[in-house]
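Enquirer: Residue numbers (full-length UniProt numbering): 1 to 223. We put the CB at the ideal spot given by N, CA and C, even for glycine. Quick caveat: nothing in here was measured; it's all calculated off a predicted structure. Below is a structure I'd like to ask you about.
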């Protein structure tokens, strides 16, 4: 049995396989030999299940921003929503070398957003930003309110000169347009449904004039 083809194989299974080939060894010997050649047991890496189209889109995004400098990335305010849920823990290990961490056979793939409690959060080079609980699923009206109450003050505080970049994904609640006290207008700088860099313009009665002017200059990177 090849541990690259069957990375979840246990020592006793490997021992039986070797015995069938005429090689008599103990399970401890199998373990020692595997460690000697760098085949240590690791838990599978948990990653979102990606379709081929999603992989292509992420690859294009990486190419688009591969020349960004550290200074460029320090101007980004990253954001995302995430569900927190309780589930059974798997004790299974995979047998791999240090360089095979992200091979499909060594990844414990899971759905990104199970139906549990959702939180929205943000962070930047300068530290962790706001954490906001979301009731039910995130809808456009909720997101608009969140932009007004959380994102706008964060951008103004971190980047008072208007040089900040706000990152979000292409979830429908992020990209749809709905009437509200805070009207968000998008001026797309490039076409297509891949990574977009857009100008964020805001009109909000609860934000003072100087704040609105600063926020107007902030860019939103939709990835």
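Could you pull the start and end residues of the alpha helix (DSSP H) that residue 62 belongs to?
Expert: 52 to 64
Enquirer: Enumerated in chain order, which unbroken segments of the beta strand (DSSP E) with a length of 3 residues or greater are wholly contained in the stretch 69 to 108?
Expert: Whole beta strand (DSSP E) segments, 3+ residues: 76 to 84 and 94 to 96.
Enquirer: Using the Cα positions of residue 82 and residue 161, report the straight-line distance between them to the nearest angstrom.
Expert: 30 Å
Enquirer: Kindly identify the DSSP beta-bridge partner or partners of residue 131.
Expert: 121
Enquirer: Quick one: give me the first and last residue of the alpha helix (DSSP H) that residue 142 is part of.
Expert: 140 to 146
Enquirer: Would residue 154 be called buried (16 or more neighbouring beta carbons within 10 Å of its own) or exposed?
Expert: buried
Enquirer: Measure the C-alpha to C-alpha separation of residue 100 and residue 65 and round it to an integer number of angstroms.
Expert: In this model, residue 100 and residue 65 are separated by some 26 Å (Cα to Cα).
Enquirer: Go ahead and pull the three-state DSSP assignment for residue 151.
Expert: helix
Enquirer: Rounded to the nearest angstrom, what separates residue 20 and residue 10 at their Cα positions?
Expert: Cα to Cα, the separation comes out at about 16 Å.
Enquirer: At which residues does the beta strand (DSSP E) containing residue 25 begin and terminate?
Expert: Element bounds for residue 25: n/a, residue is neither H nor E.
Enquirer: Indicate whether residue 151 and residue 77 have their beta-carbon atoms separated by less than 9 Å.
Expert: yes
Enquirer: Mapping DSSP to helix, strand and coil, what is residue 184?
Expert: Model confidence at residue 184 stands at a pLDDT of 41, short of 50, so the residue's coordinates are unreliable; what they give is reported in the following sentence. The answer is strand: DSSP assigns residue 184 an E or B state.
Enquirer: Could you spell out where the beta strand (DSSP E) holding residue 166 opens and where it closes?
Expert: 165 to 168
Enquirer: Going by the beta-carbon positions, is the gap between residue 58 and residue 108 smaller than 9 Å?
Expert: Against a cut-off of 9 Å, the Cβ pair of residue 108 and residue 58 comes out as no contact.
Enquirer: Does the beta-carbon of residue 118 have 16 or more other beta-carbons within 10 angstroms, so that it is buried, or is it exposed?
Expert: Buried, because 16 or more other Cβ atoms sit within 10 Å of the Cβ of residue 118.
Enquirer: Kindly indicate which three-state DSSP category residue 37 falls into: helix, strand or coil?
Expert: coil
Enquirer: Let me check understanding here. Comparing Cα to Cα, which of 40, 138, 166 and 163 lies closest to residue 94?
Expert: 40
Enquirer: Return the first residue and the last residue of the beta strand (DSSP E) that residue 47 is part of.
Expert: Where residue 47 is concerned, the enclosing beta strand (DSSP E) starts and stops at 45 to 48.
Enquirer: State the DSSP-derived secondary structure class of residue 10, mapped to helix, strand or coil.
Expert: coil
Enquirer: Among 67, 15 and 126, which has the Cα closest to the Cα of residue 74?
Expert: 126
Enquirer: For residue 126, which beta-bridge partners are listed by DSSP?
Expert: The partner list for residue 126 (beta bridge, DSSP) is empty, contrary to what the question assumes.
Enquirer: What is the C-beta distance between residue 79 and residue 121, in whole angstroms, given that I count them as a contact (C-beta under 8 Å)?
Expert: Confirmed, about 7 Å.
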